[in-house]
Structures are given as structure tokens and as C-alpha cells.
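K.L.:
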Amino acid sequence: MSQVEWRWPVHLEPKNLTMDKKLCIVVCPTGALITRKQNPYQPYTPEEVAKEVIEAYKEGAYMAHLHIRNEKGLPNYTPEAMKKTLDIIFEKCPDIIAAPSISAAPKDPSQGLYEVETIKPWVEKLLEYGSKYMESTVVTPISYVSQRATVLGAPIFVRRATESNLKAEVEYLQSRGVKPEFMAHNFEAIENIKEWLIKLGVLKEPYFITLSQGMHHSAPTGPDPWGILYLITMKQMLPENTIVGVSIGGRNWLPITTLAIMLGAVFIRVGKEDTMWLYPHKDSIMKTNAEAVKKIVTIAKELGRDIATPDEARKMLGIK
11 MSQVEWRWPV HLEPKNLTMD KKLCIVVCPT GALITRKQNP YQPYTPEEVA
61 KEVIEAYKEG AYMAHLHIRN EKGLPNYTPE AMKKTLDIIF EKCPDIIAAP
111 SISAAPKDPS QGLYEVETIK PWVEKLLEYG SKYMESTVVT PISYVSQRAT
161 VLGAPIFVRR ATESNLKAEV EYLQSRGVKP EFMAHNFEAI ENIKEWLIKL
211 GVLKEPYFIT LSQGMHHSAP TGPDPWGILY LITMKQMLPE NTIVGVSIGG
261 RNWLPITTLA IMLGAVFIRV GKEDTMWLYP HKDSIMKTNA EAVKKIVTIA
311 KELGRDIATP DEARKMLGIK
């Protein structure tokens, strides 16, 4: 064998295009579950949440998944509170993609789940302010039994997806120009999307599916290496024409999120909704969402992946 033949596999192999796409960072600043008893730096009010989002935007997070709370940390379900938060954000970040959580829609406290008719008034009110107030929102396609939970002694509700409810909800959101982001907490969620929405022709391409671990009844992130293998397996189950997102909570969020970047995921969600720790092996508490965003942006750029602009992210998702 000549020297040239021996060197060929090392020096002349084709490019590996797995990571040949820009990365979109989504910040989730507060959620509804982690309180200041756990993380004293947790934002609650519209002003506090907006400040966190603006600082995260400066570091490269151009999409925001939003919940709002009151001064005591309880969920604030009013569209007026969401508008107040977004108005502060838009003043500094006019092109950010707003993704308010429809789990903030008002619910009957006597019930443990809500249907599309319950979320419609909340969504319609936000869209009255303008389409920029809700360009996307998270939909949870899991059929686990709805259960009551409490935050600071007040009830909150975990939603349940049935085939009829999920189909109606997706049809409604798409008709109003809101891009559904499916939070896939486990294998079942992916199968529900395929069987209930894609096969029936309900869901429009591209499909926006975020693989979720470490939070809200989702797949585990450990022990190593099983959390890593779970993510890889879920990714392999995704249908064609899927925009892949990854949202990892808990202590092990940083290593698995880094893996997701290497696996070619396009949307990476980080923030204090899903974790309060910076590292899996240390007790360093996340003080700001911006520091988590900065870490992911730095890692992505070192791996050769640039950060997408808000308009580039919109184009990927098919948002006008």
C-alpha cells in the first residue's frame, strides 16, 4: 500500500454535516415550580422576569418561553401580566420570539385538566395585542393522568392530552398563526404526535418537537450514561421534517445539553424554570438565566455552531 493510499481515510473523508446548522437558544426564566426557598434568585414578577429575559437576550437567547408569577411566587394567569412583561422585553428586544406558556391560561380550580375551549379566551386576548405577543407556545402530548400539585400551598394543575383534545388544540393554534412546540417528555409523547396528528394530517410541517428530560414527569437524566442514551433514542424516533429542540432540567442539564448540540439539535432551551444548578457535580446555584445562556453559546461556538438570529429562527419554524 502506498503512502497516499494509507493517508486517504484520515485526510480526504467527506464532511460530517450533523452540526451544519445554526443554533437557536430559548430562555425559560422562571416556570411555576421552583421557588425562592430553593433558589433565592428566582424571578417572579413581570419586571423581574423581563429583566432576566433581556439579559439572556444580550447573551444570545432570542426566544423566550414565559410564565409569570405574583410577588408571592404563585402563578399569575392573567393575559395583562403577560402583556406587561412582554412590553418591557420588546422595548429592549424588539425582535425576540415570544412563546408564552398556555399552561398559564385560566383554569377552573374544581377541575384537574383543561380543554381547548379553556385556553381560547387567554390566547385570543394576547393576540388582540398583536401577533408578536404569541408566536409559539408549548403543547404537551402526553396522556398521563392529570394530578393536582401545589406551589406555596396553592393548587396548580398538570394537564392531560387526549387524542381529541390535542387535535382540537393544535388545529386552533395553527389557525391563529401560533406555532405549536411539542414538549416530548418521553417515548409516548413522540408516538402520540405521530399517531394523533401527523398520520391524520392535522400537524403542519415543519414539526417542532422538543425532547425533554429531568422535569415535569419526564424522562430521567441519570444515572450516566442512561440519560444520554435516552436522549439519543428519542431523537432517533422523531419523524422526518422535524425541527429538533432539547430541554434538559435538573442537575445533569449541562452535559446532556452539550450532547444535544453535538447531535445537531436546533433549539436549545435553558433557564431557571427547569433547574437551579449550574453543574451536575457541584452545588453552584444559577443566579441568572444569562449565565446559563452564555455557557451554551460559548460551547456551541467552540464546536463550530453559530447562533441563529430571531428572523433565522422564525424561518426555520415557518413563522411569518
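The opening position of the sequence shown corresponds to residue 11 in our numbering, with each subsequent residue numbered one higher.
Backbone N, C-alpha and C fix where the C-beta goes; we use that ideal spot for every residue, glycine too.
(1) Evaluate the contact criterion for the region 260-272 versus the region 224-239: three or more CB pairs, one atom per stretch, below 8 angstroms.
(2) Can you check DSSP and say which residues form a bridge with E191?
(3) Measuring CB atoms only, is the region 185-199 touching the region 292-310, in the sense that at least three cross pairs come out at less than 8 angstroms?
(4) If distances are taken between C-alpha atoms only, which option among G328, E198, V212 and K209 comes closest to S228?
(5) In or out: D30 buried (at least 16 other Cβ within 10 Å) or exposed?
(6) In terms of alpha-carbon separation, which member of A91, K94 and I99 lies closest to A66?
(7) Could you name each continuous alpha helix (DSSP H) segment of 4 residues or more that falls completely within the region 271-303, going from the start of the chain to the end?
(8) Determine whether the beta carbon atoms of I203 and T147 lie at a separation below 8 angstroms.
(9) Look up T128 in the DSSP assignment and say whether it is helix, strand or coil.
(10) Quick check: the region 135-150 against the region 82-99, are at least 3 beta-carbon pairs closer than 8 angstroms?
(11) Spell out the partners DSSP gives R46 in its beta bridges.
(12) Please classify M144: is it buried, with 16 or more other beta-carbons within 10 angstroms of its beta-carbon, or exposed?
(13) Bridge partners for L33 per DSSP, in chain order?
(14) Could you tell me which of I329, K292 and T220 sits nearest to L241, measuring between CA atoms?
(15) Please classify I258: does DSSP put it in a helix, a strand, or coil?
(16) Between the Cα of N251 and the Cα atoms of A270, L213, E181 and P24, which residue gives the shortest distance?
(17) In whole angstroms, what separates the C-alpha of I35 from that of V276?
(18) Would you list the residues sitting across from A74 in a DSSP beta bridge?
(19) Can you tell me which of the three DSSP states Q223 falls into?
(20) Which residue comes first and which comes last in the alpha helix (DSSP H) that contains L183?
(21) M286 and N80 look like a contact to me (Cβ under 8 angstroms); what is the Cβ gap, rounded to whole Å?
(22) Report yes if the C-beta distance between I271 and F218 is below 8 angstroms; otherwise report no.
(23) Taking only the alpha-carbon atoms, compute the straight-line gap between M247 and V149 and give it to the nearest angstrom.
(24) To the nearest angstrom, how far is it from the Cα of C103 to the Cα of E57?
P.N.:
In this structure, then:
(1) yes
(2) V148
(3) no
(4) For the residues G328, E198, V212 and K209, the minimum Cα distance to S228 belongs to E198.
(5) exposed
(6) Ranking the options by Cα distance to A66, first place goes to I99.
(7) none
(8) no
(9) helix
(10) As far as the Cβ criterion goes, the region 82-99 touches the region 135-150, which means the pair count is three or higher.
(11) Beta-bridge pairing links R46 to no other residue.
(12) buried
(13) I317
(14) T220
(15) strand
(16) Considering only alpha carbons, the answer is L213.
(17) 8 angstroms
(18) According to DSSP, which records beta bridges pairwise, A74 is partnered with V37 and A108.
(19) strand
(20) E173 to S185
(21) Actually they are not in contact, since the Cβ atoms of M286 and N80 sit about 20 angstroms apart, beyond 8 angstroms.
(22) no
(23) 18 angstroms
(24) 14 angstroms
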